[in-house]
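Worksheet for the structure shown next.
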Amino acid sequence: MGISALPLLLLLLIIFSVTSSVISCPPSERAALLAFKSSLSEPYLPIFRTWSDPNCCRNWYGVTCDPTNSRVSDISLRAEASIFIRHRHSGQISGNISPEICNLHHLSTLILSDWKNISGPIPSCISSSLPSLRLLDLSGNRLSSVIPSDIGLLRRLTVLDLAGNDLSGGIPASLANLSSLMHLDLSNNRISGRIPRDLGNLQMLSRALLGRNLISGTIPPSISMMSRLADLDLSQNRISGEIPEEISGLPVLSSLYLDCNQISGVIPEGLMRSRGLNMLNLSRNSIEGSIPDVFGRRSYFNVIDLAHNRLTGRIPETLTSAGYVGHLNLSHNHLCGQIPEGSPFDRLEASSFSSNDCLCGMPLRRC
Ligand SMILES: *[C@@H]1O[C@H](CO)[C@@H](O)[C@H](O)[C@H]1NC(C)=O
Ligand SMILES: *[C@@H]1O[C@H](CO)[C@@H](O)[C@H](O)[C@H]1NC(C)=O
Ligand SMILES: *[C@@H]1O[C@H](CO)[C@@H](O)[C@H](O)[C@H]1NC(C)=O
Ligand SMILES: *[C@@H]1O[C@H](CO)[C@@H](O)[C@H](O)[C@H]1NC(C)=O
Numbered sequence: 001m002g003i004s005a006l007p008l009l010l011l012l013l014i015i016f017s018v019t020s021s022v023i024s025c026p027p028s029e030r031a032a033l034l035a036f037k038s039s040l041s042e043p044y045l046p047i048f049r050t051w052s053d054p055n056c057c058r059n060w061y062g063v064t065c066d067p068t069n070s071r072v073s074d075i076s077l078r079a080e081a082s083i084f085i086r087h088r089h090s091g092q093i094s095g096n097i098s099p100e101i102c103n104l105h106h107l108s109t110l111i112l113s114d115w116k117n118i119s120g121p122i123p124s125c126i127s128s129s130l131p132s133l134r135l136l137d138l139s140g141n142r143l144s145s146v147i148p149s150d151i152g153l154l155r156r157l158t159v160l161d162l163a164g165n166d167l168s169g170g171i172p173a174s175l176a177n178l179s180s181l182m183h184l185d186l187s188n189n190r191i192s193g194r195i196p197r198d199l200g201n202l203q204m205l206s207r208a209l210l211g212r213n214l215i216s217g218t219i220p221p222s223i224s225m226m227s228r229l230a231d232l233d234l235s236q237n238r239i240s241g242e243i244p245e246e247i248s249g250l251p252v253l254s255s256l257y258l259d260c261n262q263i264s265g266v267i268p269e270g271l272m273r274s275r276g277l278n279m280l281n282l283s284r285n286s287i288e289g290s291i292p293d294v295f296g297r298r299s300y301f302n303v304i305d306l307a308h309n310r311l312t313g314r315i316p317e318t319l320t321s322a323g324y325v326g327h328l329n330l331s332h333n334h335l336c337g338q339i340p341e342g343s344p345f346d347r348l349e350a351s352s353f354s355s356n357d358c359l360c361g362m363p364l365r366r367c
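Counting in UniProt numbering, the sequence shown runs without a single skipped number right up to 367 at its last residue.
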């Protein structure tokens with residue numbers, strides 16, 4: 001070893017000893033993690049068996065600490081295929097989420113997803129105790145009870161995913177205060193009540209997925225303020241009233257699922273004109289009036305499903321000039337007249353047009 005390498009080596013040694021002593025979790029955080037672990041059980045995978053080292057910042061599966069202050073920053077436990085393959089067994093966690101988790105005051109990520117059998121409530125203390133939380137994903141479990149009413153206190157939250165649980169109660173009004181939220185997924189629960197009127201305050205929101213719940217009331221016009229909204233799914237609820245005209249003003253809306261509700265009124269013309277929209281499912285509602293005849297070269301739809309409504313009039317001729325229409329379903333309405341000729345009609349099945357009042361022409365009977 002050359003003499004010049006010696007100071008470097010010493011420096012590395014000092015850095016190493018400093019960082020390894022800093023990265024040692026405080027006893028209170030270790031205790032909180034152990035309490036969290038003790039209320040959960042996983043019989044097949046060695047996940048929680050790794051949670052034993054005195055230093056919870058080292059080798060605890062799914063636990064990460066912030067290197068600057070040695071506080072627990074992430075708990076990330078996803079039921080992923082890669083773990084199952086590695087251990088040649090699928091896994092399931094039972095039990096519930098201990099409120100002790102609220103002692104991890106610097107937690108920024110909490111992911112506990114797809115474990116199927118985690119039940120009980122979402123500890124309500126998270127809203128007031130975990131101000132740094134950015135990502136909360138508890139999807140794919142059996143959590144019950146309600147969404148904490150003061151969830152709006154989590155001002156840094158960017159992802160809230162509670163999909164696929166047994167949650168009931170309403171969408172808390174305070175949710176509209178989550179001004180950093182980009183991704184909201186509450187689908188597939190038993191959530192009821194109305195959509196908060198000022199949901200449109202969520203200026204950063206790009207995905208709002210609320211499908212497969214028991215949500216009633218109308219679509220708040222304030223959603224037109226969400227200039228980044230790309231995906232809106234309110235399907236399979238009990239939503240009534242009209243599609244607000246304002247929805248046409250969403251500049252980057254790409255998918256709109258309102259199917260299986262009690263929506264009435266007409267299809268806003270601007271919606272069909274909207275440039276980026278490419279997935280539209282309005283089927284199984286009570287929508288009336290005619291289909292706006294406003295398609296053009298820039299219309300690019302993978303799906304337009306308007307089946308099971310009360311649409312009248314003719315099929316818009318301009319559909320033949322659309323840039324692309326993949327799947328089109330107009331069945332079970334009151335449409336009449338000749339099906340236009342040319343693309344996309346030359347490759348659609350008869351079932352896309354069946355059960356209307358008096359449609360004719362290919363692929364149905366001749367006029
Ligand atoms: C799921 O959780 C419940 C209650 O915690 C428990 O009784 C049941 O045995 C668990 N099911 C499986 C398959 O582990
Ligand atoms: C939203 O935040 C504001 C300002 O902090 C507060 O006054 C208001 O009560 C909050 N709204 C709800 C519904 O919690
Ligand atoms: C549209 O929604 C209906 C009702 O939920 C569903 O049955 C249908 O498959 C959907 N259409 C497409 C093309 O996905
Ligand atoms: C159109 O929708 C109806 C009713 O939802 C369904 O039975 C039919 O299979 C659909 N046709 C196509 C081509 O998807």
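The C-beta atom is built at its ideal place from N, Cα and C for all residues, glycine as well.
No experiment lies behind these values; they were computed from the predicted model shown.
Q: Write down the C-beta distance between Gly200 and Ser222 rounded to the nearest angstrom, noting that I regard them as a contact closer than 8 Å.
A: Locating residue 200 in the sequence shown gives position 200, counting from the first residue. Locating residue 222 in the sequence shown gives position 222, counting from the first residue. About 3 Å separates the two Cβ atoms, so the contact holds.
Q: Kindly provide the ranges of any alpha helix (DSSP H) runs that are 4 or more residues long and lie completely inside the region 69-146, ordered along the chain.
A: Complete alpha helix (DSSP H) runs here, min 4: 81-87 and 126-129.
Q: For the beta strand (DSSP E) containing Leu311, list its first residue and its last residue.
A: Translated into the one-based positions of the sequence shown, residue 311 becomes position 311. For Leu311, the enclosing beta strand (DSSP E) has its first and last residue at Arg310 to Gly313.
Q: Check each residue's C-beta against every heavy atom of ligand 5 and list, in chain order, those closer than 5 Å.
A: The model on display carries ligand 1, ligand 2, ligand 3 and ligand 4 but not ligand 5.
Q | Between the CA atoms of Trp51 and Met226 - distance to the nearest angstrom | A | Numbered from 1 along the sequence shown, position 226 holds the residue referred to as residue 226. Numbered from 1 along the sequence shown, position 51 holds the residue referred to as residue 51. Cα to Cα, Met226 sits roughly 42 Å from Trp51.
Q) Going by the beta-carbon positions, is the gap between Pro148 and Ala173 smaller than 7 Å? A) The residue labelled residue 148 in the question sits at position 148 within the sequence shown. The residue labelled residue 173 in the question sits at position 173 within the sequence shown. At the C-beta level, Pro148 and Ala173 stay beyond 7 Å of one another.
**Q.** Straight-line Cα distance separating Ser168 from Ile75
**A.** If you number the sequence shown from 1, residue 75 lands on position 75. If you number the sequence shown from 1, residue 168 lands on position 168. CA-to-CA, the gap between Ile75 and Ser168 works out to about 25 Å.
Q.
Using 8 Å for Cβ pairs, my map puts Phe301 next to Leu280. What's the rounded Cβ distance?
A. For the purposes of this step, residue 301 is identified with residue 301 of the sequence shown, where counting begins at 1. For the purposes of this step, residue 280 is identified with residue 280 of the sequence shown, where counting begins at 1. Contact holds; Cβ gap of about 7 Å.
Q. Does DSSP put Thr50 in a helix, a strand or coil?
A. Taking the first residue of the sequence shown as position 1, residue 50 is located at position 50. Of the three classes helix, strand and coil, the one that applies to Thr50 here is helix, per DSSP.
Q) Grouping DSSP H, G and I as helix and E and B as strand, with all else coil, what is Leu167? A) Counted from its first residue, the sequence shown places residue 167 at position 167. When secondary structure is reduced to three states using DSSP, Leu167 falls in the coil class, being assigned neither helix nor strand.
Q. How big is the Cα-Cα spacing for Ile191 and Arg365?
A. Counted from its first residue, the sequence shown places residue 191 at position 191. Counted from its first residue, the sequence shown places residue 365 at position 365. Each residue's Cα considered, the two are about 45 Å apart.
(Q) I'd like to know if the region 98-111 and the region 52-61 are in contact, where contact means that at least 3 CB-CB pairs between them fall below 8 Å. (A) Contact annotation: the region 98-111 does not touch the region 52-61, with fewer than three C-beta pairs closer than 8 Å.
Q | Backbone secondary structure at Leu348 - three-state DSSP | A | If you number the sequence shown from 1, residue 348 lands on position 348. Leu348: coil per DSSP, three-state reduction.
Q) Between which two residues does the alpha helix (DSSP H) carrying Gly326 extend? A) Locating residue 326 in the sequence shown gives position 326, where the first residue counts as 1. Run containing Gly326: none in the alpha helix (DSSP H); it sits in the beta strand (DSSP E), Tyr324 to Asn329.
Q) Exposed or buried, Tyr257, counting other C-beta atoms within 10 Å across all chains shown (16 or more means buried)? A) Here residue 257 refers to the residue found at position 257 when the sequence shown is read from its first residue. Buried is the call here.
Q: Check whether the region 306-321 touches the region 283-290, taking contact to mean three or more Cβ pairs, one atom from each stretch, closer than 8 Å.
A: Yes, the region 306-321 touches the region 283-290.
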